[in-house]
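Step one of this worksheet: look at the structure below.
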Amino acid sequence: MRFDYDVIVIGAGHAGCEAAHAAATLGSRTLLVTIDMNKIAQMSCNPAIGGIAKGQIVREIDAMGGMTGIITDRSAIQFRMLNRSKGAAVWSPRAQSDRMRFSALWRSTLENTDNLDLWQDSVTGLVIEDGCVKGVTTALGVTFSAKAVVLTAGTFLNGLMHVGEVQTPGGRVSEPASHGITEQLRSLGFATDRMKTGTPVRIDGRSVDWSLTSVQTGEDDFHKFSFLPSVRRELKQLPCHILYTNPQVHEILRSSLDRSPLYNGQIKSIGPRYCPSIETKIVTFADKNEHQLFLEPEGEDTQEFYLNGFSSSLPLDVQVRALESIPALRDVQIYRPGYAIEYDFFDPTQLRHSLETKLVRSLFFAGQVNGTTGYEEAAGQGLIAGINAHRVIRGESPVTLSRDEAYIGVLIDDLVTKGVDEPYRMFTSRAEYRILLRQDDADMRLTPLGHAIGLASDERFALMESKRRQIEMLVDFAASHSVRADEINPWLQSKGVSPLRQGTKLEQVLLRPGVTFPELISELPAVDRFVRENIEVERRDEIIEAAEIKMKYRGYIEREKMVADKIHRLEDVRILGKIDYSSVTSISTEARQKLIRIQPETIAQASRIPGISPSDISILLLMMGR
8 MRFDYDVIVI
18 GAGHAGCEAA
28 HAAATLGSRT
38 LLVTIDMNKI
48 AQMSCNPAIG
58 GIAKGQIVRE
68 IDAMGGMTGI
78 ITDRSAIQFR
88 MLNRSKGAAV
98 WSPRAQSDRM
108 RFSALWRSTL
118 ENTDNLDLWQ
128 DSVTGLVIED
138 GCVKGVTTAL
148 GVTFSAKAVV
158 LTAGTFLNGL
168 MHVGEVQTPG
178 GRVSEPASHG
188 ITEQLRSLGF
198 ATDRMKTGTP
208 VRIDGRSVDW
218 SLTSVQTGED
228 DFHKFSFLPS
238 VRRELKQLPC
248 HILYTNPQVH
258 EILRSSLDRS
268 PLYNGQIKSI
278 GPRYCPSIET
288 KIVTFADKNE
298 HQLFLEPEGE
308 DTQEFYLNGF
318 SSSLPLDVQV
328 RALESIPALR
338 DVQIYRPGYA
348 IEYDFFDPTQ
358 LRHSLETKLV
368 RSLFFAGQVN
378 GTTGYEEAAG
388 QGLIAGINAH
398 RVIRGESPVT
408 LSRDEAYIGV
418 LIDDLVTKGV
428 DEPYRMFTSR
438 AEYRILLRQD
448 DADMRLTPLG
458 HAIGLASDER
468 FALMESKRRQ
478 IEMLVDFAAS
488 HSVRADEINP
498 WLQSKGVSPL
508 RQGTKLEQVL
518 LRPGVTFPEL
528 ISELPAVDRF
538 VRENIEVERR
548 DEIIEAAEIK
558 MKYRGYIERE
568 KMVADKIHRL
578 EDVRILGKID
588 YSSVTSISTE
598 ARQKLIRIQP
608 ETIAQASRIP
618 GISPSDISIL
628 LLMMGR
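For what it's worth, my numbering labels the leading residue of the sequence shown as 8, then goes sequentially.
Dropping the structure here:
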């Protein structure tokens, strides 16, 4: 039995799984400690991965060599590409997963990862000596030593669940809370607070009148999360179902708001703005007579359905009466009610961009303990924390991602620079360089880095390079191949597109509104022949789409790269430890206080701190001789 490790990861949620897998794959002897080994990578809320901006994060994880994308594809029971009616910059993949299959695949992955051990127990404290973490102690009285520790305890830190007046300690239903870590870290000077979130009721599908719902089917084309062509959807694809609340439902809920922990003062924690409870919806949008709900399957062969849009902390009797007032749910039978949960988190401005804490060396935080919400945000942080835990004990420089390099970079920079005043959720609007952070080219952006640090395999890197060459080949062909007006005009006119007056290059035809590359391939034999002879069959659709996006958005891409390059000049101006902010009286008091607290590493990071004005930045640049 081993008790000494390089890296220990606390918690086997989405952050912990990615952290443990990354550290072990890179070569660190790693221990993953979890309260329940049967709940590894549990989808505590919605059994879905991806969504707006979140899907991009999962693609980035996959590009670097992480596992969430692969496991999502293999456990998916419905896939959709969101925002297809908008530009490619905001296309976002999303999948419903078989909850049990997702967890089982993660457990199998971890159990078969070299250098990785698992231990079922609850961590109650950290071993800290001379300002550096040295290991953990557990509820069973076991001490494990380590050179680095990654804390990913999620909602378990002093977790407390609420169903109306009933309060139950725990991190999830039927799972105990974790005690001791928050108190220890607070005594060391860490700033902590409480957050709250909620989850909806789970419904027995046999009690639903499906005839009174609308069917929402998925998509079954080439899109998926993993860039590996060998990874495919393996399970039966299932629909979701749409239904609506009504005025009667709202009245039942409204009349019982005084029994809602979210409104009666029972819960005082910070709550999510972007995933509101049904109680919040009927108050905030009091003029609306209905709210859309989604019945989403929990798995391929279960009758359990997740009622998306009906998160609630109201008492069971109120939840049931409200549900029974929806025609499709008049005979509803539920597996468990919705509930709210509040838990401890740590102010993320106490972290470096590597996710190492500033107060304790070799201690890393990832996931909801940093004030975030969402499996994807957690997994992205876990990946970076696991990589850097491995690197710190080897004296290697940390891996950090810039805001123009990855949504994961935006996420971490927002956390450590701005902090959180509500559970942080990623959106495309948070990224200044969305056109550079598209889901289609996450492999081009990040696989070289993942390969360089040893996480992305040689096979993955070779696939990326081959894809890059084929995209460039298509782009070059489109720029050089001439199209005669007479061979394309009949088709253009049939689509309502103005005809060519003279021959032009294929690229110029593609740039016309409403024209797609696959359509041109099917209409122009010479183009079809070139594609069949030069573009591999297995990834042909993916490569064609990537080439089309590159051509159609070339101007926007180049412009954003120019803007990003200008900002990078400020990223190169390092100020950490070089300025005594307390003595700089020429900047505002607010700026001084925030600079002292956050200690930004660069001028660019300082410029993103709320309350730091352009004039403050100018003064800092002058002090740095710029």
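Just so it is clear, CB atoms sit at the ideal spot from N, CA and C, and this is done for glycine as well.
Coil, strand or helix - residue i by DSSP
{"i": "N165", "result": "coil"}
{"i": "E412", "result": "coil"}
{"i": "M202", "result": "strand"}
{"i": "W126", "result": "strand"}
{"i": "I17", "result": "strand"}
{"i": "K425", "result": "helix"}
{"i": "A102", "result": "strand"}
{"i": "H248", "result": "strand"}
{"i": "I47", "result": "coil"}
{"i": "L444", "result": "coil"}
{"i": "T220", "result": "coil"}
{"i": "V134", "result": "strand"}
{"i": "P207", "result": "strand"}
{"i": "E25", "result": "helix"}
{"i": "V376", "result": "helix"}
{"i": "I610", "result": "helix"}
{"i": "D11", "result": "strand"}
{"i": "L358", "result": "strand"}
{"i": "I619", "result": "coil"}
{"i": "I624", "result": "helix"}
{"i": "L453", "result": "helix"}
{"i": "D351", "result": "strand"}
{"i": "V180", "result": "coil"}
{"i": "L192", "result": "helix"}
{"i": "V417", "result": "helix"}
{"i": "L462", "result": "coil"}
{"i": "T407", "result": "coil"}
{"i": "L629", "result": "helix"}
{"i": "R368", "result": "strand"}
For residue i, the first and last residue of its enclosing beta strand (DSSP E)
{"i": "P304", "result": "299-304"}
{"i": "G142", "result": "139-145"}
{"i": "L39", "result": "37-41"}
{"i": "S152", "result": "150-158"}
{"i": "V173", "result": "173-176"}
Segment limits, alpha helix (DSSP H) that includes residue i
{"i": "A396", "result": "382-399"}
{"i": "A55", "result": "Unbroken run through A55 is the beta strand (DSSP E), 55-57; no alpha helix (DSSP H)."}
{"i": "L117", "result": "106-118"}
{"i": "D465", "result": "465-487"}
{"i": "H257", "result": "254-261"}
{"i": "H186", "result": "Premise fails: H186 is in no alpha helix (DSSP H) and is neither H nor E."}
{"i": "P268", "result": "Looking at the DSSP string, P268 is not in any alpha helix (DSSP H), and its letter there is neither H nor E."}
Rounded Cβ spacing between residue i and residue j (contact assumed at less than 8 Å)
{"i": "G402", "j": "L408", "result": "That pair is no contact at about 21 Å."}
{"i": "R106", "j": "E383", "result": "Rounded, the Cβ-Cβ distance is 16 Å, inconsistent with contact."}
{"i": "G23", "j": "T159", "result": "4 Å"}
{"i": "N122", "j": "R36", "result": "5 Å"}
{"i": "V130", "j": "V222", "result": "At roughly 45 Å, the Cβ-Cβ gap does not stay under 8 Å, so V130 and V222 are not in contact."}
{"i": "D69", "j": "F232", "result": "6 Å"}
{"i": "E545", "j": "P236", "result": "5 Å"}
{"i": "L517", "j": "L527", "result": "6 Å"}
{"i": "V399", "j": "A155", "result": "6 Å"}
{"i": "K205", "j": "S262", "result": "Inspection of the sequence shows that residue 205 is occupied by Gly rather than by Lys. That pair is no contact at about 20 Å."}
{"i": "A83", "j": "L242", "result": "7 Å"}
{"i": "I394", "j": "A111", "result": "About 25 Å separates the two Cβ atoms, so there is no contact after all."}
{"i": "M202", "j": "G426", "result": "Incorrect: roughly 13 Å between the Cβ atoms, too far for contact."}
{"i": "F312", "j": "L302", "result": "5 Å"}
{"i": "I42", "j": "E182", "result": "6 Å"}
Cutoff 7 Å: residue i Cβ touching any chain C Cβ
{"i": "E383", "result": "The chain inventory of the structure shown lacks chain C, comprising one protein chain alone."}
* To do: With a floor of 3 residues, list each beta strand (DSSP E) that falls wholly inside the region 494-572, ordered by position along the chain.
  => Here no run is fully enclosed.
* Asked: Which full runs of the alpha helix (DSSP H) of 4+ residues lie inside the region 566-605, going along the chain?
  -> Runs found: 596-605.
* To do: Run through the region 284-346 for me and flag every whole beta strand (DSSP E) of 3 or more residues, listed as ranges in chain order.
  => Listed in chain order, the complete beta strand (DSSP E) runs (minimum 3 residues) inside the region 284-346 are 299-304, 311-318, 341-343.
* Tell me, please, whether the region 584-591 touches the region 453-466 by the rule of three or more beta-carbon pairs shorter than 8 Å. => Contact between the region 584-591 and the region 453-466 is absent, because fewer than three Cβ pairs lie under 8 Å.
* Asked: Are the region 457-477 and the region 495-512 touching by the rule of at least three beta carbon pairs closer than 8 Å?
  -> Segments in contact, no.
* Mind pulling the alpha helix (DSSP H) runs of 4 or more residues that sit fully within the region 52-98? -> Every unbroken stretch of the alpha helix (DSSP H) spanning 4 or more residues and falling wholly within the region 52-98 is given here in chain order: 61-71, 75-82.
* Quick one: any contact between the region 54-65 and the region 433-440, if contact means 3 or more CB pairs under 8 Å? -> Contact between the region 54-65 and the region 433-440 is present: three or more C-beta pairs spanning the two stretches fall below 8 Å.
* Asked: How about the region 322-341 and the region 135-144: do they share at least three Cβ pairs that are nearer than 8 Å?
  -> Cβ pair count under 8 Å is below three, so no.
* Determine contact between the region 285-294 and the region 348-356, defined as no fewer than three beta-carbon pairs at a distance below 8 Å. => These segments do not touch.
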